[in-house]
Amino acid sequence: SIKNPPQNPPPRPPPEMRRKPA
Amino acid sequence: GPIILDTYRVIADFEKTSKHEINLHTGDFVEIVEKNENGWWFCQCESKRGWVPASYLEPLDGPEEAEEPEPDYEGEMHVTTQAYEAEQEDEISLEVGQTVEVIHKLLDGWWVVRKGEQTGHYPSMFLQKSDKKN
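So the protein lines, in turn, are chains H and A.
Each residue of the first sequence is one higher than the one before, counting from 1 in our numbering.
Each residue of the second sequence is one higher than the one before, counting from 1 in our numbering.
Now the structure itself:
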């Protein structure tokens, strides 16, 4: 079953690894 | 009929920090079971299932603009329920109880907020919609 999501903000990849804006 | 899950590609390695999360490796494919507004998505990858950060994923079939709301430059009033100190350049630091305008609700859970002349990303899970008018 799906547990509750973590209660801390999701981490973000370093800027150079991020998705390019569409 | 069968439930078709969205497939996403992992764009950066992610190391889990709690037991209901799973590790991700760049180039892996994951299927998304649930997309939480706070930016944690429940996914399955081979035999593993758990929460992963949406910002580490990109959709397999083109950009997902369709499911991402447009920015709202007028802003929607929210109050911060927890303080957060910016860790990256495009983020904003705020104390608890501050009123901000949410101008873009991004799917990765890092919403763009405006406070006076400052704008930056803030964790959506630390924001609560406010009844106050602009």
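Every residue gets a Cβ at the ideal spot worked out from N, C-alpha and C, and that includes glycine.
Report, in whole angstroms, the separation of the C-beta atoms of residue i and residue j, which I expect to be a contact under 8 Å.
{"i": "residue 55 of chain A", "j": "residue 9 of chain H", "result": "At roughly 10 Å, the Cβ-Cβ gap does not stay under 8 Å, so residue 55 of chain A and residue 9 of chain H are not in contact."}
{"i": "residue 1 of chain A", "j": "residue 21 of chain A", "result": "Not a contact, Cβ separation roughly 31 Å."}
{"i": "residue 12 of chain H", "j": "residue 110 of chain A", "result": "6 Å"}
{"i": "residue 71 of chain A", "j": "residue 104 of chain A", "result": "4 Å"}
{"i": "residue 75 of chain A", "j": "residue 102 of chain A", "result": "6 Å"}
{"i": "residue 68 of chain A", "j": "residue 107 of chain A", "result": "5 Å"}
{"i": "residue 6 of chain H", "j": "residue 47 of chain A", "result": "With 8 Å as the limit, residue 6 of chain H and residue 47 of chain A do not qualify as a contact, their Cβ atoms being about 21 Å apart."}
Are any of the Cβ atoms in chain H nearer than 7 Å to that of residue i?
{"i": "residue 134 of chain A", "result": "The predicted position of residue 134 of chain A is uncertain, since its pLDDT is 49 and thus under 50; a value taken from the coordinates is nonetheless stated next. No, no contact with chain H."}
{"i": "residue 58 of chain A", "result": "yes"}
{"i": "residue 20 of chain A", "result": "yes"}
{"i": "residue 111 of chain A", "result": "no"}
{"i": "residue 86 of chain A", "result": "no"}
{"i": "residue 12 of chain A", "result": "yes"}
{"i": "residue 123 of chain A", "result": "yes"}
{"i": "residue 36 of chain A", "result": "yes"}
{"i": "residue 53 of chain A", "result": "yes"}
{"i": "residue 42 of chain A", "result": "yes"}
{"i": "residue 27 of chain A", "result": "no"}
{"i": "residue 75 of chain A", "result": "no"}
{"i": "residue 97 of chain A", "result": "no"}
{"i": "residue 39 of chain A", "result": "yes"}
Would you say residue i lies against chain C (beta-carbon separation less than 7 Å)?
{"i": "residue 120 of chain A", "result": "Reference to chain C is not applicable here, since the protein chains of this structure are H and A."}
Can you look up residue i in the DSSP assignment and give me helix, strand or coil?
{"i": "residue 71 of chain A", "result": "coil"}
{"i": "residue 21 of chain A", "result": "strand"}
{"i": "residue 117 of chain A", "result": "coil"}
{"i": "residue 15 of chain H", "result": "helix"}
{"i": "residue 134 of chain A", "result": "For residue 134 of chain A, the predicted structure reports a pLDDT of 49, less than 50, and the residue's modelled location is therefore unreliable. The matter cannot be settled from this model."}
Note down, in chain order, each residue of its chain lying with its Cβ closer than 6 Å to the Cβ of residue i, except the 5 sequence neighbours on either side.
{"i": "residue 6 of chain A", "result": "32"}
{"i": "residue 79 of chain A", "result": "99, 128 and 130"}
{"i": "residue 93 of chain A", "result": "85 and 86"}
{"i": "residue 113 of chain A", "result": "100, 102 and 122"}
Closer than 7 Å by C-beta to residue i: which residues in its own chain qualify, once you throw out the five before and the five after it? Chain order, please.
{"i": "residue 26 of chain A", "result": "10, 11, 12 and 13"}
{"i": "residue 73 of chain A", "result": "103"}
Below 8 Å CB to CB, which residues in the same chain sit around residue i once its five sequence neighbours on both sides are set aside?
{"i": "residue 38 of chain A", "result": "109, 123, 124 and 125"}
{"i": "residue 137 of chain A", "result": "It is not possible to answer for residue 137 of chain A, since the shown part of chain A is limited to 1 through 134."}
Taking contact to mean at least 3 C-beta pairs separated by less than 8 Å, is the stretch 33–53 of chain A in contact with the stretch 75–90 of chain A? They do not touch, by the three-pair rule.
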